[in-house]
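In full-length UniProt numbering, the protein residues as written are 1 to 455.
Glycine included, every Cβ here is placed at the ideal spot set by N, Cα and C.
Just below is one structure, and these are the notes that go with it.
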Ligand code: HEM
C-alpha cells in the first residue's frame, strides 16, 4: 500500500538532509553517468509530485485501498473496462458498504459502489462533492470550462445549468423539437428500408451511432433557443459565443452517444427476449390503433416501453461511471476522512446490479418497474443512469423523448429478428468504455417492414 504522506510541504515539512546525507547523495551521483541526469531529475520530480498529492498520514482514517505502486498507483490493476475493474477492486479490497480508495497515478480517487454510499455522496454531502476536476484535457474540450458539464461548481455553472434545465431541455421546449425528432427518425428508417430492399441485415450499432452531420442538423432548434437566450439581459451571466459553443458541444458530446447507446441496447435485449419485444409491440399497437404517426401523448401512455428502457439502462448504463466529482473540502463519509481534492467515481454499473437492492440483478426483467415507485426521478439512489444531486444530467427528458419515439416507431413499423442461423446465445453482450457504453460487437438484425394502412 502507498504510505500516506504529507499534504503540503508547508504544513508537513519534508526532513532537511544533514551534511553527511548530502555527502552520500553526492557520492551516489558520481556513480551515475552524466547523461542519466535528466532521467533522475524527471523521476525525482514525479516522486515529489506523488509525495505531495497523497493524503497525509496524520489525515486520520482513510477508506481501505488495494496495494498500489509509487507513481502509477493502481493503474496496473485496471484491466478490462474501468467499471468492471473498479467493481472487482471494490469487492476485493473495499469497505463492503461500497467505498474503496484507489490511486489513478498519483491522484487519490474514491470509488463508490453501493446505493448506500452513493446516497452519502450525492445527497448527504452533495455540496461537498459538487466540483469536477479541472484537468488540462477538460479545459481544452470545454472552451476553458465555460460549458455545463465540466464547469467548476460556482455561479457560471449554476447559470448555465439553469439555462439547460429551464430553457433548453424541459418538457415544454423539448415538445417543440418534434421536427428534429422526426428528422433523426427519418434517417434511420431510410437506412433500414435500404437494407430490406437489398436483403441485408441492419447493422444497428453503427446506424444509431451519431453522424456529426445529422446531429448538427438535429441541434438546429437548440442553437435557435441559445441565440434567443443570448439576447436576454436578465440572466446574470454573459452568454458570449464561447459559452454558446461550449453548450452546443455539451449537447453533442453528452447527448448523441448516450441516446444512441440506449437504442442499441434496448434493441439487443428485444432480440434476445422476443416475448418482451412482443409485449412492448402489443402495447404500441394498442395505443396507436392503426394511426400512422406517433405523438408525444401516445408515448406518455407506453408504460411497458418505458419499463424496458429503464431496465436496459440499469443493466447497460450509457455512462457506467458518473462523470468525476471532486471533494471541495475535507469531509467525513461513512466514518472515513476524505481529503479536499480527492476525486470521486460513482460506479453506477455496480450499483445498478447490487444484489442487496435488486432481485435477480443479472436478469432482464422490465416488469420490475411496472408495480414499482422507482423511476429515473423517484429513486432511492439505486437507479442512476442520469446521476443524481446537483450535478445530475439535465438531458433526461430530451434523450428519452428521442429514444421512446425511435423505439416505438421501430416496433410499430417493422418485424425484428436475429439474422438466420444466429441464436440469442451467439450475441456478444460486451460493452465498450468510451464516451458512452456501446455494444463492442455490432448488432445485426433483420427488419421486415409492416404495412400500416394509416388513419
Ligand atoms: C440517455 C441519455 C443520457 C444519459 C444516460 C446521460 C447521462 C449523464 C450522466 C451520468 C451525467 C453525470 C451525472 C452526475 O455526475 O451525477 C450527465 C451529466 C450531464 N449531461 Fe447527460 N446524459 C444523457 C443525455 C444528455 C443530453 C441529451 C444532454 C443535453 C443535451 C445532456 C447533458 C448533460 C450535462 C450538461 C451534464 C452535466 C451536468 C452537471 O455537471 O451539472 N445529457 N449525463
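| Item | Value |
| --- | --- |
| Let me check you understand the geometry: is the CB of residue 138 closer than 7 Å to at least one non-hydrogen atom of the ligand HEM? | no |
| Would residue 467 pass as a contact of residue 337 if the rule is Cβ separation under 8 Å? | Nothing about residue 467 can be reported from this structure: the residues present for the chain run from 1 to 455 only. |
| Would you check if the distance between the CB atom of residue 261 and the CB atom of residue 83 is smaller than 8 Å? | no |
| Give the range of the alpha helix (DSSP H) segment to which residue 265 is assigned. | 257-272 |
| Mind pulling the beta strand (DSSP E) runs of 3 or more residues that sit fully within the stretch 48-131? | 99-104, 107-112 |
| Let me make sure I understand the geometry here. Which of 306, 281, 140, 350 has the alpha-carbon closest to that of residue 371? | 306 |
| Kindly say whether residue 152, judged by its beta-carbon, lies nearer than 8 Å to any beta-carbon of chain D. | The displayed structure is made up of one protein chain only, and chain D is not part of it. |
| My output table needs one value for residue 311: the three-state DSSP class, helix, strand or coil. | helix |
| In the structure shown, what three-state DSSP assignment does residue 199 receive? | coil |
| Quick check on DSSP: helix, strand or coil for residue 321? | strand |
| Which residue comes first and which comes last in the alpha helix (DSSP H) that contains residue 136? | 136-141 |
| Whose C-beta lies closer than 7 Å to the C-beta of residue 449 among residues of the same chain, with five residues either side of it excluded? | 193, 196, 413, 414 |
| For the ligand MG, any of its heavy atoms closer than 7 Å to the Cβ of residue 262? | Absence of the ligand MG is noted for the structure shown, with the ligand HEM being the only ligands found. |
| Taking residue 351 as part of the alpha helix (DSSP H), name the residues at either end of that continuous run. | 348-351 |
| Specify the secondary structure class of residue 446 as computed by DSSP and reduced to three states. | strand |
| One question on the structure: do residue 322 and residue 395 come within less than 8 Å of each other, judged by their Cβ atoms? | no |
| What is the DSSP secondary structure of residue 416, reduced to helix, strand or coil? | strand |
| Identify which residue in 72, 155, 103 has its Cα closest to the Cα of residue 86. | 103 |
| Taking 8 Å as the threshold, find out whether the stretch 94-111 comes into contact with the stretch 309-318 through three or more Cβ pairs. | no |
| Who are the near neighbours of residue 174 in its chain, counting only those whose CB is closer than 6 Å to its CB and skipping five residues on each side? | 397, 398, 401 |
| Based on Cα-Cα distance, which residue from 130, 129, 99, 132 lies nearest to residue 116? | 99 |
| Counting along the chain, where does the alpha helix (DSSP H) carrying residue 371 start and finish? | Premise fails: residue 371 is in no alpha helix (DSSP H) and is neither H nor E. |
| Helix, strand or coil for residue 332 per DSSP? | strand |
| Count the C-beta pairs between the stretch 145-156 and the stretch 363-382 that are closer than 8 Å, then say yes if the count reaches three, no if not. | no |
| Any idea if residue 377 is buried or exposed, counting beta-carbon neighbours within 10 angstroms, 16 or more meaning buried? | exposed |
| Which residues in the same chain as residue 369 place their Cβ atom closer than 6 Å to its Cβ, once the five residues preceding and following it in sequence are excluded? | 307, 310 |
| Just to confirm, are residue 390 and residue 131 a CB contact at a threshold of 8 Å? | no |
| Mapping the DSSP letters down to three states, classify residue 344 as helix, strand or coil. | strand |
| Where does residue 27 sit, in a helix, a strand or coil, going by DSSP? | Note that residue 27 scores 46 on pLDDT, short of 50, meaning its location in the model is unreliable and no value can be drawn from it. |
| Please enumerate, following chain order, all residues with a beta carbon closer than 6 Å to at least one heavy atom belonging to the ligand HEM. | 148, 149, 161, 164, 169, 250, 251, 254, 255, 258, 259, 262, 318, 319, 322, 323, 385, 386, 387, 388, 391, 392, 393, 394, 395, 398, 399 |
| Taking DSSP as the reference, what is the three-state secondary structure of residue 290? | coil |
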